[in-house]
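Asker: This structure is in structure tokens; I'll ask about it shortly.
Protein chains: 2
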Amino acid sequence: MAPTLKEATGNQSSWDTLLPDLPKGPLCKYRRKASFNWKEMAVFLDGEDIIQLKNRIFSALESDPLFAHHPGEDLCREKYQELTFLRCKRLFEYDFLTLQKTIENPLKLLCLVSCVGMYDWSPSLQYLLHCGVFAGPILSASKRFADFVKQIYKMEVFGCFALTELSHGTNTKGIRTTATFDPSTQEFIIHTPDFEAAKFWVGNMGKHATHAVVYAQLYTPDGQCHGLHSFIVQIRDTKSLLPVPGVMVGDIGMKLGQNGLDNGFAMFHNVRIPKENILNTAGDVTPEGKYSSSVKQWRLLPYLAAAYALDYFCKSLFENFIEFYAGLLAKQRSQRQVDLGREIHALCSASKPLASWTAQHAVQECREACGGHGYLAMNRLGDIRNDNDPNCTYEGDNNVLLQQTSNYLMGWMNCIRDEAPFESPLGTINILQDYHHILGWKFTANSVEDCMDSSVPLAAYKWLVCYLLKESDLKLRKEKQSGRSDFEAKNNCQVYYCRSLAIAFIEQAVLQRYHDYTHDPSIPSTLQPVLKKLSALYGLWSLSKHLAVLYQGGYASGEQAGKFIQNAILELCYRLKDDAVALVDVFAPPDFILNSPIAKASGEIYKSMWAEILQGSKTLNRPSWWAELCINKPVIGRLRSKL
Amino acid sequence: MAPTLKEATGNQSSWDTLLPDLPKGPLCKYRRKASFNWKEMAVFLDGEDIIQLKNRIFSALESDPLFAHHPGEDLCREKYQELTFLRCKRLFEYDFLTLQKTIENPLKLLCLVSCVGMYDWSPSLQYLLHCGVFAGPILSASKRFADFVKQIYKMEVFGCFALTELSHGTNTKGIRTTATFDPSTQEFIIHTPDFEAAKFWVGNMGKHATHAVVYAQLYTPDGQCHGLHSFIVQIRDTKSLLPVPGVMVGDIGMKLGQNGLDNGFAMFHNVRIPKENILNTAGDVTPEGKYSSSVKQWRLLPYLAAAYALDYFCKSLFENFIEFYAGLLAKQRSQRQVDLGREIHALCSASKPLASWTAQHAVQECREACGGHGYLAMNRLGDIRNDNDPNCTYEGDNNVLLQQTSNYLMGWMNCIRDEAPFESPLGTINILQDYHHILGWKFTANSVEDCMDSSVPLAAYKWLVCYLLKESDLKLRKEKQSGRSDFEAKNNCQVYYCRSLAIAFIEQAVLQRYHDYTHDPSIPSTLQPVLKKLSALYGLWSLSKHLAVLYQGGYASGEQAGKFIQNAILELCYRLKDDAVALVDVFAPPDFILNSPIAKASGEIYKSMWAEILQGSKTLNRPSWWAELCINKPVIGRLRSKL
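Here is the structure:
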């Protein structure tokens, strides 16, 4: 009676059964414009089977009070961890996917993880870490663990995967936990030499795991190291959830996200395990060798240069504004006052986007460059990023603001066409006096060394501003000629034209001021060399994002131009490397103000982080909901029949 | 007796007095390498005066228990708002900057705001919003407010600046709050026509403000609108902090950051104010007219295309992995099994960075495209971003992983040089068989229309991979010839070479698979057109980031090539515009799962947000610390003598 799969995927009414219509509302009119039927697409891409699984998962969660939302509620981290664990346990009771079904179509596993993840990644990852990442290496190691695997899938034990250490993340060769074989008792002795070798960041370890797959260097009694191996190590008692003797285990604290998941740490003090608990050589962990650190400095040094250049620009623009504001208070009504207001408005409208985006990218780079530790809330890169984020929006969306600047610049085209003399009070558009002449400029540097002064990117920027102004103007006239309204015409000129123009203009203005400042003869000779390097780096790095346009418009040509610029950036990063810490010292707030263990002025990052973690009042304690793990075991599949 | 400023800035011992040495630790050895003295730089950039102000502010905060840090404490939002207010009030007691000093050097105001901001932006902004953004327009409006200004600076009233409305942010012309003049009583009647015109996002309004500068359209009794004007409107009683009659005022709830600050909303029901409370025409608010929305679609549509292409790649790679895993379980030891493992590892190592970065940028774009509402926690763009963020780090930092892929690719250079036949199990490197031939390819499209199929970017990618492989290999050999160690040589080849190679390779692999998939004749004819457009858009948009290299290496030349690509991207965005909602419908989870009022399938965003805000249990209530504002007034400058 049931239709075959083939019939079903091709049939409009079956799509409607699988995928009910979406609620009516303002989006209806946009939906009707589509060139295809979204239900047909969904069935085609996923297949009926996967869609049914999705429907089952989604409707189970929506009908289960344990998964109810609580709008406006400020869930504390502890409650969130408890809720996450209960939800993870509930997934065992739903048992959405039997082993058999997973084998038939492994994509269903991806589907399950992502469906629960779309609801909340914390329970989804907790489930995956236990059933997949912890169970996986045990499953594939040997049949002798068959009974233990059964315990895993009944949640009689709860597991985690312990590879990373506090001071060794990506570099697995640096792992220092040891497993020393004792032939007299046929045991391995698992040991953490010091807190920097504590297992760290391990998901499920903070509050819940009873067992861990632990990676350690295997030593034989002759002192010989046999490389990285993995072992099953019990860390908490399955009855009481208290740590077993010799194990210090706890929670690493708030993170920027995924706070339902309990990431933890553990130190082992000569913990003995039976020799059968060895899993294998770490063939499944890719040896990664020594890794480049040059990428990081290249990642961060340009932002340091940008901080100096933008700080100077901000202060000098603030002084311009004070002049303007004094005129306002004095009810000045001169033409200069009006022109000054327009010029400052154009500069502010573009420098706010430039500064807020640069800051946003810089914090994200720092976050990533610090690896996992940048993701720990205590290090405050999250606060800094999240507090900066609204700068991209308030007082006007960045993209809207940029249009004000490009409108201001486009307004000068009449003067350019009339070849009438013109200038602005602050002189930022005076380069346009030479518009026609500048458009004929070419990139002329003949070596990397030639590019090491900010005059080189500055000249390129002047050309860039004139070129983008010309192109924006052409595009706008073309749009208008084709009969479009003023609004529509302007609309179609934003991307690649007016928007790029506004960005290039403000970068040029920032660089011009910083170039003039750093090249002033009154700068102390002890400071001028480093300041000039910052100016050159900021200029070249900003310019490098426009390299395609330089080529496209014929300012640059041939392989060398681009290479000179890129190599000059790398060379400047290299030459500024030794000054980097001192350059940060100049503007870094005191440790108390910054309040970030990873950023302590002393550089004692691991000691500071470790001290702060141990300050947490709930770091080492047993969760109040321990009985939900140890006593009230889930009945696997209990809720499957309800679906 | 005191040294003059000039002597002081040039004197080593005075720098040491101003700026004590930083704590000793691992960073010492890097500090010693600097080419300049950081203290000299700091004094040169800021001047002694500013540094003294910084020191005063920093040490006051550090010595004040109200500003103590509480490591490991999970501060709820309400407590954080209370603490922020108390800290803001304390700034009045420190009175770090008298009006006189600010006039002498306005940069000191920037310094104060940023020093407190570095500690925490919430109290800093609360202070600035009251003393600057609220007080500013009142100060400059008329001398008749002199008494009110005094009240402001004594904190007898507490203010906010109410411009933005729930459904009108950047576009100030769209503001719908009205102020109707009633000649019979000489009053203005302030009125909010409906909840979409509620003042919204207003800093300090959520819990604290007693008065607001409100922007409204001025109407005269003849029904004539006279445009946007601003008015002082009382919103809460200064004695009890309860709302005054006719005003509904509350807190908009959790945000992604700055949660100490109370952003709020207000609706006015025919609230009467004396006519003297008018400030001015809104000449200080820039009229912004109609703004381009084309930028947004251009911002988001390529990410939609990327979602489709990456989703397909992820699923197909997962299937490859399942094949490999089955081989592992079956203890397969064939050469194919080994090669498959290496190829999958290389693909995973680069696709994880590609997918996690693309997702991170996509969420940030969505956040910004949603304006302030994207910053409201209830809309969950923050959760989504923060939960995705660790993907950029765990299982290996993205940049480190990319090195594994480039190492894999570089490993094929021997085969290329030997001109021996070679292939990989999944065929992703088979293009390298034609390495020498491909390096001679050129960009040949002659029109925008020519570029509208993904075969165009795909061909460009093949050239790009070969070119970057050639360049990386040359660079590596040059580094080695110059006597560098293997490690150092590899190190110096990352940026612009190996890293770009790995990224280009994986983008090419993703595009190749998606191109083949979307061009398969078995795709239903109803779906194929839109899928082909997605493939072309993903390819061109990804490729456009490499445009500079295409020019640099001679694949592209002349102005047209770049323009064709850019215009094809814009044209595809335009053609996909009508399909955008349906394309999202295909994979969007149900409303319950996504749990984001702004993303409701019906599109009823303002209704949904408004409903959710009113759900909050603390939305409308008076803060428990109200007496700290209404009764315990700060004694201005009380703590100044302690500095």
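Those protein sequences? They're chains A and B, same order as listed.
So for the first sequence, the working numbering puts the first residue at 119; every next one is plus one.
So for the second sequence, the working numbering puts the first residue at 119; every next one is plus one.
Quick reminder that beta carbons are idealized off the backbone N, C-alpha and C, glycines included.
May I have the straight-line CA-CA distance separating I350 (chain A) from E746 (chain B), to the nearest angstrom?
Answerer: The residue labelled residue 350 (chain A) in the question sits at position 232 within the first sequence. The residue labelled residue 746 (chain B) in the question sits at position 628 within the second sequence. Using only the alpha carbons, I get a separation of about 57 Å.
Asker: Would you call the CB atoms of E211 (chain A) and P752 (chain A) closer than 8 Å?
Answerer: Taking the first sequence and counting its residues from 1, the one referred to as residue 211 (chain A) is at position 93. Taking the first sequence and counting its residues from 1, the one referred to as residue 752 (chain A) is at position 634. Closer than 8 Å, so yes.
Asker: Return yes when the C-beta of L137 (chain B) is under 7 Å from any heavy atom of the ligand ATP, and no when it is not.
Answerer: Questions concerning the ligand ATP fall outside what the structure shown contains, since it holds no ligand whatsoever.
Asker: Return the Cβ separation of L586 (chain B) and A622 (chain B) in integer angstroms, given the expectation that the two are a contact with Cβ distance under 8 Å.
Answerer: In the second sequence, residue 586 (chain B) corresponds to position 468, counting from 1. In the second sequence, residue 622 (chain B) corresponds to position 504, counting from 1. Right, the Cβ-Cβ distance comes to about 6 Å (below 8 Å), so this counts as a contact.
Asker: Any beta carbon of chain B sitting closer than 8 Å to that of F442 (chain A)?
Answerer: The residue labelled residue 442 (chain A) in the question sits at position 324 within the first sequence. Not one chain B Cβ lies under 8 Å of F442 (chain A).
Asker: Identify which residue in A:Y430, A:L645, A:P508, A:G671 has its Cα closest to the Cα of Q67 (chain A).
Answerer: An answer regarding residue 67 (chain A) cannot be provided, because it is not within the stretch 119 to 761 covered by chain A.
Asker: Kindly indicate which three-state DSSP category G190 (chain A) falls into: helix, strand or coil?
Answerer: To locate residue 190 (chain A), count along the first sequence from 1; it is residue 72. Residue state, collapsed to three classes: coil.
Asker: Who are the Cβ neighbours of L360 (chain A) in its own chain at under 8 Å, not counting the five residues just before and after it?
Answerer: Reading the first sequence from its first residue, position 242 is the one you call residue 360 (chain A). Closer than 8 Å at the Cβ level, and outside the excluded window around L360 (chain A), lie R354, R740.
Asker: What does DSSP give as the partner residues of Q785 (chain A) in its beta bridges?
Answerer: No answer is possible for residue 785 (chain A): the residues shown for chain A start at 119 and end at 761.
Asker: For A126 (chain B) and F176 (chain B), what's the separation of their Cα atoms in angstroms?
Answerer: Along the second sequence, one-based indexing puts residue 126 (chain B) at 8. Along the second sequence, one-based indexing puts residue 176 (chain B) at 58. Interpretation of A126 (chain B) is limited by its pLDDT of 41, a score under 50 that renders its predicted location unreliable; the figure taken from the coordinates is listed afterwards. One C-alpha to the other measures close to 22 Å.
Asker: Is it buried or exposed, T523 (chain B), if we count other Cβ atoms within 10 angstroms and call 16 or more buried?
Answerer: Along the second sequence, one-based indexing puts residue 523 (chain B) at 405. It counts as buried.
Asker: Taking the C-alpha atoms as reference points, what is the distance between G368 (chain B) and K317 (chain B)?
Answerer: Taking the first residue of the second sequence as position 1, residue 368 (chain B) is located at position 250. Taking the first residue of the second sequence as position 1, residue 317 (chain B) is located at position 199. Their backbone Cα atoms lie some 10 Å apart in a straight line.
Asker: Should F279 (chain A) be labelled buried (16 or more other beta-carbon atoms within 10 Å of its own) or exposed?
Answerer: Here residue 279 (chain A) corresponds to residue number 161 of the first sequence, with the count starting at 1. Buried is the call here.
Asker: From the beta carbon of M366 (chain A), is the nearest beta carbon of chain B less than 8 Å away?
Answerer: Within the first sequence, the letter at position 248 stands for residue 366 (chain A). So, not an interface residue.
Asker: To the nearest whole angstrom, what separates the beta carbons of N381 (chain B) and V320 (chain B), a pair I think is in contact under 8 Å?
Answerer: Reading the second sequence from its first residue, position 263 is the one you call residue 381 (chain B). Reading the second sequence from its first residue, position 202 is the one you call residue 320 (chain B). The pair is a contact, with the Cβ atoms about 6 Å apart (cut-off 8 Å).
Asker: Along the chain, which unbroken stretches of the alpha helix (DSSP H) at least 4 residues long are found entirely within the segment 611–692 of chain B?
Answerer: Listed in chain order, they are 617–636, 646–662, 665–670.
Asker: Starting from the Cα of P647 (chain A), find the closest Cα among A:K663, A:R693, A:A627, A:V667 and give me that residue.
Answerer: Translated into the one-based positions of the first sequence, residue 647 (chain A) becomes position 529. The residue with the shortest Cα to Cα distance from P647 (chain A) is A:R693.
Asker: Who pairs with P144 (chain B) in a beta bridge, going by DSSP?
Answerer: Sequence index remark: in the second sequence, residue 144 (chain B) carries index 26 (1-based). In the DSSP output, where bridge partners are listed per residue, P144 (chain B) has none listed.
Asker: Within a Cβ cutoff of 7 Å, which residues of the same chain sit near G459 (chain A), ignoring the five residues on either side of it in sequence?
Answerer: For the purposes of this step, residue 459 (chain A) is identified with residue 341 of the first sequence, where counting begins at 1. Answer for G459 (chain A): F442, listed in chain order.
Asker: How big is the Cα-Cα spacing for A706 (chain B) and P539 (chain A)?
Answerer: If you number the second sequence from 1, residue 706 (chain B) lands on position 588. If you number the first sequence from 1, residue 539 (chain A) lands on position 421. Approximately 57 Å between the Cα atoms of the pair.
Asker: Can you check whether the CB of L447 (chain B) is closer than 8 Å to the CB of S258 (chain A)?
Answerer: The residue given as residue 258 (chain A) occupies position 140 in the first sequence. The residue given as residue 447 (chain B) occupies position 329 in the second sequence. Result yes, Cβ atoms of S258 (chain A) and L447 (chain B) sit closer than 8 Å.
Asker: Can you tell me whether E537 (chain B) is helix, strand or coil according to DSSP?
Answerer: Walking along the second sequence from the start, residue 537 (chain B) turns up at place 419. Three-state result, E537 (chain B): coil.
Asker: Quick one: using the 10 Å Cβ neighbour count with 16 as the cut-off for buried, is V73 (chain B) buried or exposed?
Answerer: Given a span of 119 to 761 for chain B in the structure shown, any question on residue 73 (chain B) remains unanswerable.
Asker: Give me, in chain order, the residues of the same chain whose beta-carbon lies closer than 8 Å to that of L225 (chain B); leave out the 5 immediate sequence neighbours on both sides.
Answerer: As a working mapping, residue 225 (chain B) is identified with position 107 in the second sequence. So the qualifying residues of the chain are I168.
Asker: Below 8 Å, can you find three or more Cβ-Cβ pairs linking the segment 624–644 of chain A to the segment 577–584 of chain A?
Answerer: At 8 Å Cβ cutoff, the stretches touch.
Asker: For P715 (chain A), count neighbouring Cβ atoms within 10 angstroms of its own Cβ and tell me buried if that reaches 16, exposed if not.
Answerer: What you label residue 715 (chain A) is simply residue 597 of the first sequence in a count that begins at 1. With 16 or more Cβ atoms within 10 Å of its Cβ, P715 (chain A) is classed as buried.
Asker: Checking contacts by CB at 8 Å: is R454 (chain B) closer than that to chain A?
Answerer: Counting from one through the second sequence, the residue named residue 454 (chain B) turns up at place 336. No, its Cβ sits nowhere closer than 8 Å to a Cβ of chain A.
Asker: Measure from the C-beta of N516 (chain A) to each C-beta in chain B and report whether the shortest distance is under 8 Å.
Answerer: What you label residue 516 (chain A) is simply residue 398 of the first sequence in a count that begins at 1. At least one chain B Cβ lies under 8 Å of N516 (chain A).
Asker: Quick check: what's the CA-CA separation for G375 (chain B) versus N504 (chain A)?
Answerer: What you label residue 375 (chain B) is simply residue 257 of the second sequence in a count that begins at 1. What you label residue 504 (chain A) is simply residue 386 of the first sequence in a count that begins at 1. C-alpha separation (whole angstroms): 5 Å.
Asker: Check whether the Cβ of G250 (chain B) lies closer than 8 Å to any Cβ atom in chain A.
Answerer: Locating residue 250 (chain B) in the second sequence gives position 132, where the first residue counts as 1. False, the Cβ-Cβ gap to chain A never drops below 8 Å.
Asker: Taking buried to mean at least 16 other C-beta atoms within 10 Å of its own C-beta, is G306 (chain B) buried or exposed?
Answerer: One-based indexing of the second sequence puts residue 306 (chain B) at position 188. The question names Gly, but residue 306 (chain B) in the sequence shown is Phe. Counting Cβ neighbours within 10 Å, F306 (chain B) comes out buried, since at least 16 surround it.
Asker: List, in chain order, every chain A residue whose beta-carbon is nearer than 7 Å to that of G382 (chain B).
Answerer: Residue numbering aside, residue 382 (chain B) sits at position 264 when the second sequence is read from its first letter. Ordered by position in chain A, no residue passes the 7 Å Cβ test against G382 (chain B), which lies about 14 Å from the chain.
Asker: Checking contacts by CB at 8 Å: is L652 (chain A) closer than that to chain B?
Answerer: Mapped onto the first sequence, residue 652 (chain A) falls at position 534. So, not an interface residue.
Asker: Tell me, to the nearest whole angstrom, how far the beta carbon of D696 (chain B) is from that of K151 (chain A); I am working on the premise that it is less than 8 Å.
Answerer: As a first step, residue 696 (chain B) is located in the second sequence; it is residue number 578 there, counting from the start. As a first step, residue 151 (chain A) is located in the first sequence; it is residue number 33 there, counting from the start. Their Cβ separation, rounded to whole angstroms, is 4 Å, which keeps D696 (chain B) and K151 (chain A) in contact under 8 Å.
Asker: What does the alpha-carbon distance come out to for the pair G545 (chain B) and R485 (chain B)?
Answerer: Your numbering for residue 545 (chain B) matches position 427 in the second sequence. Your numbering for residue 485 (chain B) matches position 367 in the second sequence. Cα to Cα, G545 (chain B) sits roughly 38 Å from R485 (chain B).
Asker: Could you confirm whether any beta carbon from chain B is found closer than 8 Å to the beta carbon of N398 (chain A)?
Answerer: For the purposes of this step, residue 398 (chain A) is identified with residue 280 of the first sequence, where counting begins at 1. No - not a single Cβ of chain B is within 8 Å of the one on N398 (chain A).
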